[in-house]
Ligand SMILES: Nc1ncnc2c1ncn2[C@@H]1O[C@H](COP(=O)(O)OP(=O)(O)O)[C@@H](O)[C@H]1O
Ligand SMILES: [Mg+2]
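What follows is the structure, encoded as structure tokens:
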């Protein structure tokens, strides 16, 4: 062997099974922490399916990273196994409505997952059929192959039309399905989603409703511990898991975020050639996670929203004051526009942008009383460190 430099490093000294820290990884039931009540509720709602009867339609709410997708996938899988012991065939389809947001895309996706063309002689082409023909084929497939179909519509608030909810929840009573039954599990991060639904859809989709609460620090600690074997033995310093859990619980109670920070901490140790993951790696990882999350949010924002944020970050760095009046931000924003060689928007539009940023949880807003004869004004505060905001804005420019 020559002494040439090995650019791939000496190998996997930190991680032994990094797969456990990917978002797509579906843990075993004994690794689902602190969701017994939620899983029991879901199981009760869909239990009739395991005997070949019509399950209750369910709506699951909660903030991101509270285990909604995980628990829904897990419980439907378990229902399939239980059903098969009872001699009942249950089919499960999982639709990510963020990706398949039109009615046709969603039905196609369900159709593909439930179909086996060799068995049914039915095909689901990617285009060329009317919506009603896609439905007709889907009902044929379900009638042909299953006693019950369970359909998970994840991020259901992203679906462009409620028609699909109506069609699915009424498939049996409208006589579209002759022999089989269907059950829906809708998942949403928006607590107000239900209010936007048509009364009839609401009453059929929301037979059961469950809210998933954010995790506390103890639960996040357990979730991380149960995945600590992603790392080699002895690589994690004792303070690492408690630190990640404390940071994540304080901010959001979001398990996804916690797992991301955990993985980043390992990657940072790896990049720096350390033999252990330290608390300092966690703090860096936390910053990296925030930057990448913000960069993603910001990259989806229009360019003026970025410039408004940059203006806020510059002001926050200059002043000790926490809250910044919208009009001050506006003046700084005009400077940023000038530097970027871009026309500035009117104050009214910038106010709209600020309230959009609040909606995205990038800033906080508070209405203040300026004094008699002066009325109200709005104070704005960045939630993250201005350094992180500037880094995220710069990252999205490339
Ligand atoms: N109770 C839990 N036990 C173990 N891992 C969990 C738990 N809840 C969430 N996770 C993990 O956290 C990440 C986010 O969970 P997910 O179900 O996608 O959240 P949601 O759908 O509510 O946004 C996934 O990687 C998931 O495996
Ligand atoms: Mg989800």
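Residue numbers (this note's numbering): 1333 to 1730.
Note that the Cβ used here is the ideal one computed from N, Cα and C, for glycine as well.
Taking the beta strand (DSSP E) that residue 1697 belongs to, which residues open and close that run? In the chain shown, the residue the question calls residue 1697 occupies position 365. Here the beta strand (DSSP E) through residue 1697 covers 1695 to 1701.
Have a look at residue 1605 and residue 1344 and give me their C-alpha separation to the nearest angstrom. Residue mapping note: residue 1605 aligns to position 273 of the chain shown, counting from 1. Residue mapping note: residue 1344 aligns to position 12 of the chain shown, counting from 1. Taking the CA atoms as reference points, residue 1605 sits about 11 angstroms from residue 1344.
Please state whether DSSP places residue 1558 in a helix, a strand or coil. Taking the first residue of the chain shown as 1, we reach residue 1558 at position 226. Annotated three-state conformation of residue 1558 is coil, per DSSP.
Neighbourhood of residue 1593 by C-beta distance below 6 angstroms, restricted to the same chain and skipping five residues each side: Along the chain shown, read from residue 1 onward, the residue named residue 1593 stands at position 261. These residues qualify, in order along the chain: 1576, 1617, 1618 and 1621.
Under 8 angstroms, do residue 1608 and residue 1543 count as touching if we go by C-beta distance? The residue given as residue 1608 occupies position 276 in the chain shown. The residue given as residue 1543 occupies position 211 in the chain shown. Pairing residue 1608 with residue 1543 gives a Cβ-Cβ distance that is not under 8 angstroms.
Does the distance between the C-beta of residue 1519 and the nearest non-hydrogen atom of ligand 2 fall short of 7 angstroms? Position 187 of the chain shown holds residue 1519. At least one heavy atom of ligand 2 is nearer than 7 angstroms to the Cβ of residue 1519, so yes.
Residue 1730 versus residue 1631: straight-line alpha-carbon distance, rounded: For the purposes of this step, residue 1730 is taken as the residue at position 398 of the chain shown. For the purposes of this step, residue 1631 is taken as the residue at position 299 of the chain shown. Because the pLDDT at residue 1730 is just 47, under 50, the model does not fix this residue reliably, and the value given afterwards should be weighed accordingly. The C-alpha of residue 1631 is placed about 10 angstroms away from the C-alpha of residue 1730.
Per DSSP, residue 1526 forms a beta bridge with which residues? Mapped onto the chain shown, residue 1526 falls at position 194. Note: residue 1526 sits in no beta bridge, so no partner.
Taking 8 angstroms as the cut-off, does the region 1362 to 1369 touch the region 1508 to 1526 (at least 3 CB pairs, one atom from each stretch)? They do not touch, by the three-pair rule.
So, using beta-carbon positions, are residue 1519 and residue 1400 closer together than 8 angstroms? What you label residue 1519 is simply residue 187 of the chain shown in a count that begins at 1. What you label residue 1400 is simply residue 68 of the chain shown in a count that begins at 1. Their beta carbons are under 8 angstroms apart, which means residue 1519 touches residue 1400 by this criterion.
Over what stretch of residues does the beta strand (DSSP E) that includes residue 1361 continue unbroken? Here residue 1361 refers to the residue found at position 29 when the chain shown is read from its first residue. Unbroken run through residue 1361: none, as it is neither H nor E.
Determine the burial state of residue 1471: buried for a count of at least 16 other Cβ atoms within 10 Å of its Cβ, exposed for fewer. Indexing the chain shown from 1 puts residue 1471 at position 139. It counts as buried.
Backbone CA spacing between residue 1668 and residue 1489 [nearest angstrom]: Stepping through the chain shown from its first residue, residue 1668 is reached at position 336. Stepping through the chain shown from its first residue, residue 1489 is reached at position 157. In this model, residue 1668 and residue 1489 are separated by some 36 angstroms (Cα to Cα).
Looking at residue 1350 and ligand 1, is the gap between the Cβ and the nearest heavy atom below 7 angstroms? Reading the chain shown from its first residue, position 18 is the one you call residue 1350. No, since every heavy atom of ligand 1 falls outside the 7 angstroms radius drawn around the Cβ of residue 1350.
May I ask you to report which of helix, strand or coil DSSP gives residue 1543? Sequence index remark: in the chain shown, residue 1543 carries index 211 (1-based). Secondary structure at residue 1543: strand, using DSSP grouped into helix, strand and coil.
CB-CB under 7 angstroms to residue 1580, same chain, minus the five flanking residues each way: which ones, in chain order? To locate residue 1580, count along the chain shown from 1; it is residue 248. Excluding positions up to five away in sequence, the list reads 1552, 1586, 1589, 1590 and 1593.
Among 1642, 1720 and 1548, which has the Cα closest to the Cα of residue 1626? Numbered from its first residue, the chain shown carries residue 1626 at position 294. It is 1720 whose Cα lies nearest to the Cα of residue 1626.
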